[in-house]
Ligand code: NAD
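Residue numbers (the numbering used here): 1 to 484.
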């Protein structure tokens, strides 16, 4: 069947809604301030390589200032404040995120490279939802199941990645604040701008100084933060490699730790699945956010009888995806976040070909400037190949086949990770059978990549430990909670 690819007129979102400053300070003790022992770095747009702004790189003395400010605010203001008063601030932040959602969405797409359709419809609404949801908990903690009067841990040091910059900030800040902790947050070095706009929102919400501090910088700033003796709890989202490093640093310190790390999820399609729906779910599972998603369905396991049809349908569907300007509202696939990430995707994809898998991409022209990778599918993939084992963190799908549910379970679990999985079938009993046997923190049935603040998210094995969201997520910020 021939694919019709309509020509769309460009529909760019107005960049003028964002008021970029040439230079940004660190957000410490309620104010923006220059680094005292750090330096500056530039953040660029991955779709155009244009420098967007200069950002401060916090050194150890800056991190120390931020931690001290957070400690003071925790002991004197935020900790003693009744939950119902803390809730008001969280509601206010949530409403301001909604009010400024267009500005936040455009800024996120500029700095990260993701399509504005996604930042507008997923990242920003979910970030607001996390603040709303946790505002609701702030005065009801005694009903959360962690004792009659659960206590905060103190000061949380939080380090986040670049794939969902504002959303990850919300995942970290909202539960910490709801439970009476104060925070020092370090955004990723390639995407600091939405966290800095959030800092302005916190000022607008009149959050007391020091309750949230935001220190920008790279790995050095992150490592100074997690090693700081004034931190009671570390919450980290990022690569398994850095997660392990942090775990080693914290061993024996008595600090609480939660780790949200990488993944290599299996998306399993049975022959009785609603196939057109499954194809949409597979596409959403791996090409959403250019595949820069820890829980991406990067391994498609499809039952042999329908494998050929599913691959053909996927090819047709991938041929309709639009790659290009992240600010165009018609764009499906945006830019790869950094040249380093692009190199990693290229290297792993080349290894797929070298190891004997068949590579396919739709005809797709890549813009001249910026970092781009076409949607790519590998068929004939063997479980031992690197593209079936390693996290690519890009728009690359590896297709494997299976005959029986047992074989699907064995292949799905044949990974050191354990973050997410998907099952597509008409049979409810089969969904339950599979969900009980798949070693993954989240199992989606007949859908994929769905998130809700009330639903705990997290992994185990090399995908980390601890949960974010829901009642379980509160435990990670309460003394006597369930974290590691
Ligand atoms: P990364 O580990 O390189 O960086 C993550 C953050 O850690 C950044 O802010 C970085 O500056 C900081 N960092 C780097 N070295 C550090 C150190 N030694 N000490 C403290 N902090 C340090 O990861 P990344 O490339 O930015 O993100 C991609 C990874 O994150 C992927 O593996 C992905 O699966 C994972 N991820 C997981 C989840 C989840 O919820 N499980 C969500 C998003 C991303």
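Backbone N, C-alpha and C define an ideal beta-carbon position, used for all residues, glycine too.
If the criterion is Cβ atoms closer than 9 angstroms, does the pair residue i and residue j meet it?
{"i": "residue 232", "j": "residue 255", "result": "yes"}
{"i": "residue 286", "j": "residue 300", "result": "yes"}
{"i": "residue 103", "j": "residue 165", "result": "no"}
{"i": "residue 120", "j": "residue 101", "result": "yes"}
{"i": "residue 463", "j": "residue 262", "result": "yes"}
{"i": "residue 457", "j": "residue 259", "result": "no"}
{"i": "residue 476", "j": "residue 468", "result": "yes"}
{"i": "residue 35", "j": "residue 58", "result": "yes"}
{"i": "residue 395", "j": "residue 375", "result": "yes"}
{"i": "residue 413", "j": "residue 397", "result": "no"}
{"i": "residue 229", "j": "residue 253", "result": "yes"}
{"i": "residue 186", "j": "residue 225", "result": "yes"}
{"i": "residue 105", "j": "residue 128", "result": "no"}
{"i": "residue 370", "j": "residue 418", "result": "no"}
{"i": "residue 312", "j": "residue 403", "result": "no"}
Answer with buried or exposed for residue i, where buried requires no fewer than 16 other C-beta atoms within 10 angstroms of its C-beta.
{"i": "residue 118", "result": "buried"}
{"i": "residue 116", "result": "buried"}
{"i": "residue 320", "result": "exposed"}
{"i": "residue 67", "result": "buried"}
{"i": "residue 486", "result": "The shown model of the chain, from 1 to 484, leaves out residue 486, and the question about it has no answer."}
{"i": "residue 8", "result": "exposed"}
{"i": "residue 452", "result": "exposed"}
{"i": "residue 454", "result": "exposed"}
{"i": "residue 157", "result": "buried"}
{"i": "residue 46", "result": "buried"}
{"i": "residue 428", "result": "exposed"}
{"i": "residue 177", "result": "buried"}
{"i": "residue 391", "result": "buried"}
{"i": "residue 235", "result": "buried"}
{"i": "residue 18", "result": "buried"}
Quick one: residues in its chain with C-beta nearer than 7 angstroms to the C-beta of residue i, no 5 flanking neighbours on either side, listed in chain order?
{"i": "residue 190", "result": "43, 162, 337, 338"}
{"i": "residue 70", "result": "155, 182, 183, 184, 210, 213"}
{"i": "residue 471", "result": "144, 145"}
{"i": "residue 12", "result": "325, 327, 328"}
{"i": "residue 385", "result": "352, 355, 357"}
{"i": "residue 473", "result": "175, 456, 467"}
{"i": "residue 431", "result": "423, 425, 445"}
{"i": "residue 37", "result": "59, 60, 61, 62"}
{"i": "residue 243", "result": "236, 259, 261, 464"}
{"i": "residue 289", "result": "114, 118, 163"}
{"i": "residue 342", "result": "336, 371, 373"}
Report all residues from its chain with a CB closer than 6 angstroms to the CB of residue i; omit the five preceding and five following residues, and keep chain order.
{"i": "residue 272", "result": "425, 426"}
{"i": "residue 393", "result": "292"}
{"i": "residue 322", "result": "330, 331, 332"}
{"i": "residue 380", "result": "357, 358"}
{"i": "residue 148", "result": "142"}
{"i": "residue 378", "result": "352, 357, 359, 387, 398"}
{"i": "residue 240", "result": "261, 262, 462"}
{"i": "residue 483", "result": "The predicted position of residue 483 is uncertain, since its pLDDT is 45 and thus under 50; a value taken from the coordinates is nonetheless stated next. Within the same chain, residue 483 has close Cβ partners 256, 258, 466, 476."}
{"i": "residue 207", "result": "89"}
Got a sec? Which residues, its chain only, sit under 8 angstroms from residue i by beta carbon, not counting five neighbours each side?
{"i": "residue 309", "result": "275"}
{"i": "residue 24", "result": "32, 53, 54, 55, 56, 192, 193, 196, 216"}
{"i": "residue 422", "result": "265, 266, 267, 268, 281, 285, 297, 443, 444, 445, 447, 448"}
{"i": "residue 82", "result": "139"}
{"i": "residue 433", "result": "405"}
{"i": "residue 383", "result": "389, 400, 411, 414"}
For residue i, which of helix, strand or coil comes out of DSSP?
{"i": "residue 213", "result": "strand"}
{"i": "residue 302", "result": "strand"}
{"i": "residue 24", "result": "strand"}
{"i": "residue 112", "result": "helix"}
{"i": "residue 289", "result": "helix"}
{"i": "residue 377", "result": "strand"}
{"i": "residue 447", "result": "coil"}
{"i": "residue 229", "result": "coil"}
{"i": "residue 262", "result": "coil"}
{"i": "residue 483", "result": "Note on residue 483: pLDDT 45, under 50, position unreliable in the model; no value is reported."}
{"i": "residue 267", "result": "strand"}
{"i": "residue 407", "result": "helix"}
{"i": "residue 421", "result": "strand"}
{"i": "residue 464", "result": "strand"}
{"i": "residue 339", "result": "helix"}
{"i": "residue 33", "result": "strand"}
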